[in-house]
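Engineer: Dumping the structure here so I can ask a few things about it.
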Amino acid sequence: MIGNDIVDLALARKESNWKRKGFLDKIFTQKEQWLIANAQNPEVMVWNLWSRKEAAYKIYNRETGIREYIPMQLVCYYENETTGTVFCNERVYYTETIITNVSVYTIATTKLELFSQIKKINLDDKVIKTNGIPFRIDSSIASLNPVSITHHGRFWEGITL
Numbered sequence: 005m006i007g008n009d010i011v012d013l014a015l016a017r018k019e020s021n022w023k024r025k026g027f028l029d030k031i032f033t034q035k036e037q038w039l040i041a042n043a044q045n046p047e048v049m050v051w052n053l054w055s056r057k058e059a060a061y062k063i064y065n066r067e068t069g070i071r072e073y074i075p076m077q078l079v080c081y082y083e084n085e086t087t088g089t090v091f092c093n094e095r096v097y098y099t100e101t102i103i104t105n106v107s108v109y110t111i112a113t114t115k116l117e118l119f120s121q122i123k124k125i126n127l128d129d130k131v132i133k134t135n136g137i138p139f140r141i142d143s144s145i146a147s148l149n150p151v152s153i154t155h156h157g158r159f160w161e162g163i164t165l
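Our numbering numbers the first residue of the sequence shown as 5 and each following residue consecutively.
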């Protein structure tokens, strides 16, 4: 299983006041808030942790069929700015994050070896949703392949196995 999430930093800066009272308390654990407070760039750390939670949530939702707002149940264990794990209700998700000057992009998997199997999809690939979950139509072998799609502001990314 895979999930992904992207944050357009310019749009996040414009639309989300992460410094407002109570924002961090609703989304991040005390340890995550400590990482943010002690980061060289706290704003990027907020979106790094957020994108990890979102990417992992996409897998959790696909696995369980449960759709709910649970950011505090998605707990990030931060190894470094590009790798870590997210735990949610006794499930573990592995993450890889790419940070640029304009975006934060995270891919999550249920197994480390899946990272080497991930392929990008194009915006024009045929994708259908079943119960809100996207699948890519592979007409050459008449099958549906699970995909994860994310978009925010100027950015769109789609992946499959």
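For every residue, glycine included, the Cβ atom is placed at its ideal position computed from N, Cα and C. In this text, all values refer to a predicted model and were calculated from it rather than measured experimentally.
Where does Glu95 sit, in a helix, a strand or coil, going by DSSP?
Structural biologist: In the sequence under discussion, the amino acid at residue 95 is Arg, which differs from the Glu named in the question. Looking at Arg95 - three-state DSSP - the assignment turns out to be strand.
Engineer: How close, in whole Å, do the beta carbons of Thr99 and Arg56 come, if the pair is a contact with beta carbons under 8 Å?
Structural biologist: About 5 Å separates the two Cβ atoms, so the contact holds.
Engineer: Judging by CA-CA distance, which residue of Thr89, Ile132, Leu127 is the nearest neighbour of Thr114?
Structural biologist: Of Thr89, Ile132, Leu127, the residue nearest in Cα terms is Thr89.
Engineer: Measuring alpha carbon to alpha carbon, tell me which of Ile10, Ile103, Gln44 ends up nearest Glu58.
Structural biologist: Among Ile10, Ile103, Gln44, the Cα nearest to that of Glu58 is on Ile10.
Engineer: Can you find a heavy atom of the ligand ATP that lies under 7 Å from the Cβ of Tyr82?
Structural biologist: For the ligand ATP, the structure offers nothing, since it holds no ligand at all.
Engineer: State the Cα-Cα distance for the pair Leu78 and Asp142, rounded to the nearest angstrom.
Structural biologist: Near 32 Å, if we compare the C-alpha coordinates of Asp142 and Leu78.
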